[in-house]
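Trainee: Before we start, here is the structure in question, set down as structure tokens.
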Amino acid sequence: MSHEYIPEIATDRDGNEYEVQGWQDDFYGGKLGFWLFMFTEVLMFGAMFMALAYYNTLHPEDFIIASASLNRLLGGTNTVILLVSALTMGLGLLKMRVGDVKGAKLMIWATILLAVAFLIIKGFEWSAEYHHGIFLMHDKLLADSPLPYGQKLFFGMYFTMTGLHGFHIIIGIGLMIWLLKRINAGKVTPEHYILHWNIALYWDIVHLIWVFVFPYYYMIGAGGATGGH
Amino acid sequence: MSKSYFDETHCAIGHPKSTFMQWMLTIDHKRIGLMYAAVMFTFFFVAVATAFVMRLELFAPGAQFIDGDTFNQAFTLHGVIMIFLFIIPGVPAVLGNIVMPLMIGAKDVSFPRLNWFTFWLYIAGAIIALASLFTDAGFADTGWTFYAPYSLTTDTNVILTLVAAFVLGMASILTGLNFLVTIHRLRAPGMTFFKMPLFVWGIYATAWIQLLATPVVGITLILAIMEKYFGIGIFDPSKGGDPVLFEHLFWIYSHPAVYLMILPAFGIMSEIIPTFSRREIFGYRTIALSSASIAGIGYLVWGHHLYTSGMADIAKTIFSFLTFFVAIPTGIKFYDWIATMYKGKIVLSTPMLWALGTIITFTIGGLTGVTIAMIGVDIHLQDTYYTVAHFHYAMLGGVVFLFFAGLHYWFPLITGKMYDEKQAKIAFYLQFVGFNLLWFPMFIAGYYGMPRRYFDYLPEFQIYHQVSFVGAVIFITGLTYMFIVFFKGWTKGKPAGTNPWNATTLEWHMPSSPPPLENHSKVPYVDFNPYEYHHGEPVVKFDYETMKRID
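Protein sequences, first through last, are from chains S and W. Residue numbering for the first sequence follows my numbering, beginning at 99 and increasing consecutively. Residue numbering for the second sequence follows my numbering, beginning at 13 and increasing consecutively.
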């Protein structure tokens with residue numbers, strides 16, 4: 099920090115002194131604010147899961163058939179990648195807190211690479227689906243195609259939710275690159291690491307959302323179209 | 013005290029020399045509040061003008077000077093501006109920003125730069141919303157609720173309005189988040205939650221609604237955009253989607269949103285009533301906790317917008333019951349305010365007049381709300397002028413009246429000047445009479461079956477529309493006059509001094525009027541309740557230089 103913030107002192111009538119919390123240097127406040135913001139993310143995805151669950155109860159069979167057609171190998175790989183990336187992100191934060199700035203930067207780079215790998219695999223998945231004629235505003239998802247309602251809804255929500263999740267990954271990569279810049283500029287240090295903390299929290303939410311997206315889209319049809327019977 | 017970066021510039025970026033850029037980049041909560049006020053009231057007058065155009069059109073049956081499609085766009089424009097640009101951000105963004113940090117003895121909000129960013133996000137949203145006025149497709153004609161499936165099939169430019177509503181929602185979330193952290197972290201030492209002024213309680217409850225409900229409408233608007241432009245099917249019956257789902261998701265936010273509008277306004281009332289009764293507020297805790305319970309119960313009542321949209325009878329019954337339930341904490345507040353006035357030394361200054369007027373208008377607005385919460389009655393009155401009148405009695409006669417009350421109350425704090433009391437009272441009476449004349453006939457017209465959002469009507473309704481028109485003229489005259497009084501007060505008014513109303517809360521204990529940068533000269537220690545009066549005089553007195561108690 100370029101300046102030293104000195105908190106004010108308030109005095110009561112008996113002469114006791116109390117340190118005043120200013121908006122500057124408020125680590126707990128910064129954490130609280132970001133937790134609240136992450137809460138809004140949970141609500142946004144929560145509303146979509148609610149809509150998804152509603153349509154699932156209307157079309158249980160179609161949802162399982164549609165889910166069975168997704169590529170569990172690629173989806174599973176992506177799940178592992180995101181879980182590992184959450185680990186590297188967390189390790190980076192730990193390293194920052196004990197003063198190992200270089201190690202922290204390495205871990206952030208590892209997280210970025212894993213995030214990019216996730217997006218590439220996602221791209222392969224989407225293009226394969228596109229070639230099968232399943233894509234927004236294409237072929238089987240048009241109103242006059244014979245695909246049953248339940249499957250159309252499943253894929254519509256699938257592209258929306260994985261798309262929005264992918265968008266969050268892209269934002270996360272941007273945030274991590276910005277974080278590296280701030281570390282290099284000496285603005286994020288083992289003493290002032292609130293930005294690192296909050297971006298790590300963001301990344302946790304992003305991977306946590308995937309932890310719910312993956313079973314709901316990929317796994318409900320894992321037993322095949324018959325549900326494993 | 014050491015000079016900080018904040019002391020030197022008070023700007024988000026750099027150290028601009030020109031006053032203009034200092035305002036544009038300011039992170040001072042008082043300046044940001046003033047900028048919100050300037051932009052918001054500009055939009056308010058645009059929306060009032062749109063409403064007046066509709067009133068003119070409705071003066072007689074049949075088309076007068078605009079056609080039905082333009083009328084649809086007019087009421088959408090009126091709704092979108094009033095709801096998203098004026099009344100949702102309204103009290104928190106203007107008075108919350110200016111007054112709330114002063115009330116808790118803070119130097120600023122918790123995230124001043126975020127506050128600055130939020131203001132510009134709001135401006136961006138406003139520009140996006142209005143941009144569609146100038147595109148070929150024209151402004152949306154769906155009403156401010158964007159109901160599917162019509163919003164998905166209309167050719168007007170719905171997407172810009174949806175994006176704007178999303179961006180404005182983001183701004184609202186960030187304001188709420190900022191205020192929540194501020195109230196949790198930056199209260200002066202000694203100020204516990206139950207020593208906070210009640211306006212801060214109102215802002216606090218509101219901030220939770222902003223944070224918890226707005227994301228749901230945000231994602232709903234995104235899903236509607238995805239539906240309209242990528243055909244995901246979620247609200248489209250031709251792909252198995254359910255348009256009623258849109259209504260549910262929309263009202264899960266938008267019903268709590270009306271409590272989001274009214275709660276800070278109730279907070280203003282809770283400041284004004286004890287100050288002008290010179291008496292400690294009756295039932296402090298019940299008022300504080302009723303704000304919280306209105307915010308909580310308000311989440312669970314959205315279904316009363318969908319009685320006629322297709323819903324299970326049991327769900328309707330539950331929603332109806334819960335809707336009655338929300339009237340209870342509201343009633344508690346009103347009884348508390350009236351009990352505060354009992355045996356008080358009531359001073360009928362302009363803010364108090366507005367507050368008393370609101371007790372009448374909001375009671376009408378609130379009780380008519382209870383009637384349409386009944387399932388059977390609602391089937392009759394759904395989508396009629398009765399609902400329109402109820403809504404405007406609650407929103408204009410509640411939120412906006414109290415907003416005006418707050419503007420009168422804190423005007424000397426914000427500007428350091430005093431407006432002309434006599435003229436301000438004339439403005440109040442004009443608006444109060446005009447308001448009732450404008451909206452009360454609509455209850456009757458609605459009861460007899462005048463549907464809302466129609467640009468034509470049967471001749472038997474003409475008398476109601478014409479009385480309304482007269483009311484509208486009186487109301488707008490009073491409104492304009494009020495702003496003229498404000499303007500004259502600001503430019504030519506007498507200096508008001510730091511505490512013209514003999515009020516007790518911290519924002520009136522300033523070293524200068526208007527308050528200096530970084531607020532109180534020193535942060536006080538708070539070991540008193542917010543409204544302590546003894547024989548009609550404030551108990552707590554401060555030395556404004558050292559902020560030590562001298563009583």
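Don't be surprised by glycine CBs; every beta carbon is placed ideally from N, CA and C.
1) Could you give the first and the last residue of the continuous alpha helix (DSSP H) run that contains W:Tyr271?
2) Is W:Thr516 helix, strand or coil by DSSP?
3) S:Glu289 versus chain W: which residues are under 8 Å apart at the beta carbon?
4) Quick check on DSSP: helix, strand or coil for W:Arg67?
5) What does the alpha-carbon distance come out to for the pair S:Lys203 and W:Thr31?
6) Assign W:Leu393 to one of two classes, buried (16 or more other C-beta atoms within 10 Å of its C-beta) or exposed (fewer than that).
7) Kindly list, in the order they appear in chain S, the residues whose Cβ is closer than 8 Å to that of W:Lys534.
8) Ordered along the chain, which non-local residues of its own chain (more than five positions away) have a Cβ less than 6 Å from that of W:Glu283?
9) So with CB distances below 7 Å, who are the chain S contacts of W:Tyr537?
10) Helix, strand or coil for S:Asn114 per DSSP?
11) Check the C-beta distance from W:Gly102 over to W:Phe178 and give it rounded, since I have them as a contact under 8 Å.
12) Indicate the three-state DSSP secondary structure (helix, strand or coil) for S:Ile107 in the structure shown.
13) Can you tell me whether DSSP reads W:Met13 as helix, strand or coil?
14) Could you please give the first and the last residue of the uninterrupted alpha helix (DSSP H) stretch that includes W:Glu292?
15) In three-state DSSP terms, what is W:Pro527?
16) Run through DSSP, which three-state label would W:Thr38 get?
17) Quick one: residues in its chain with C-beta nearer than 7 Å to the C-beta of W:Tyr543, no 5 flanking neighbours on either side, listed in chain order?
18) Leaving out five residues on either side along the sequence, give the residues of the same chain with a beta carbon under 6 Å from the beta carbon of W:Phe123.
19) How about W:Ser14: is its C-beta nearer than 9 Å to some C-beta of chain S?
20) Can you list, in chain order, the residues of the region 234 to 253 of chain W whose Cβ is nearer than 9 Å to any Cβ on chain S?
21) Just verifying my parser: in three-state terms, what is the DSSP assignment at W:Met462?
22) Could you check if W:Pro1 is buried or exposed, using at least 16 other CB atoms within 10 Å of its CB as the buried criterion?
23) Under the assumption that W:Met353 contacts W:Ser289 (Cβ atoms under 8 Å), give the Cβ distance between them as a whole number of angstroms.
24) So, with DSSP's three-state summary, where would you put W:Asn127?
25) Looking only at its chain, what residues have a beta carbon closer than 6 Å to the beta carbon of S:His305, apart from the 5 residues adjacent to it on each side?
26) Which same chain residues, not among the five before or five after S:Met194, have their C-beta less than 7 Å away from its C-beta?
27) Please check if any C-beta of chain S sits within less than 9 Å of the C-beta of W:Val313.
28) So S:Asp242 is in the alpha helix (DSSP H); what residue range does that whole segment cover?
29) Alpha carbon to alpha carbon, how far is W:Phe87 from W:Thr54? Give it in angstroms, no decimals.
30) For W:Tyr545, which residues does DSSP report across the bridge?
31) According to DSSP, simplified to helix, strand and coil, what is S:Gly326?
32) Would you identify the three-state DSSP class for W:Lys506, choosing helix, strand or coil?
33) Anything in chain S within Cβ reach of W:Leu257, meaning under 8 Å, just list it in chain order.
34) Going by the beta-carbon positions, is the gap between W:Gly377 and W:Ala277 smaller than 9 Å?
35) Using a C-beta cutoff of 9 Å, does S:Asp124 count as contacting chain B?
36) Are the region 264 to 278 of chain S and the region 259 to 273 of chain W in contact at 8 Å, needing three or more beta carbon pairs?
Mentor: In short, the structure shows the following:
1) 255 to 289
2) coil
3) Chain W residues near S:Glu289: none, gap ~17 Å exceeds 8 Å.
4) helix
5) 41 Å
6) buried
7) Glu106, Ala108
8) Phe211
9) Ala108, Thr109, Asp110, Tyr116
10) coil
11) Rounded, the Cβ-Cβ distance is 19 Å, inconsistent with contact.
12) strand
13) Residue confidence is low: W:Met13 scores 39 on pLDDT, short of 50, so the model does not pin down where it sits. Its coordinate-derived value is still stated next. If DSSP states are grouped into helix, strand and coil, W:Met13 belongs with coil.
14) First-last for W:Glu292: undefined, no H or E at that position.
15) coil
16) strand
17) Pro286, Glu292, Ile293, Thr516
18) Asn190
19) Residue confidence for W:Ser14 is low, a pLDDT of 42 falling below 50, so the modelled location carries little weight; the figure read from the coordinates is stated next. Yes - at least one Cβ of chain S is within 9 Å of the one on W:Ser14.
20) Ile234, Leu235, Met238, Glu239, Tyr241, Phe242, Gly243, Ile244, Gly245, Ile246, Asp248, Ser250, Lys251, Gly252, Gly253
21) coil
22) Past the boundaries of the shown model lies residue 1 of chain W; chain W is included only from 13 to 563, so the question cannot be answered.
23) 5 Å
24) helix
25) Leu180, Ala184
26) Ala202, Pro288, Tyr291, His294
27) no
28) Looking at the DSSP string, S:Asp242 is not in any alpha helix (DSSP H), and its letter there is neither H nor E.
29) 18 Å
30) W:Pro550
31) Because S:Gly326 carries a pLDDT of 47, less than 50, the predicted location of this residue cannot be relied on, and no value is offered for it.
32) strand
33) Ala149, Tyr152
34) no
35) Within the model displayed, chain B is absent; protein chains S and W are what it includes.
36) no
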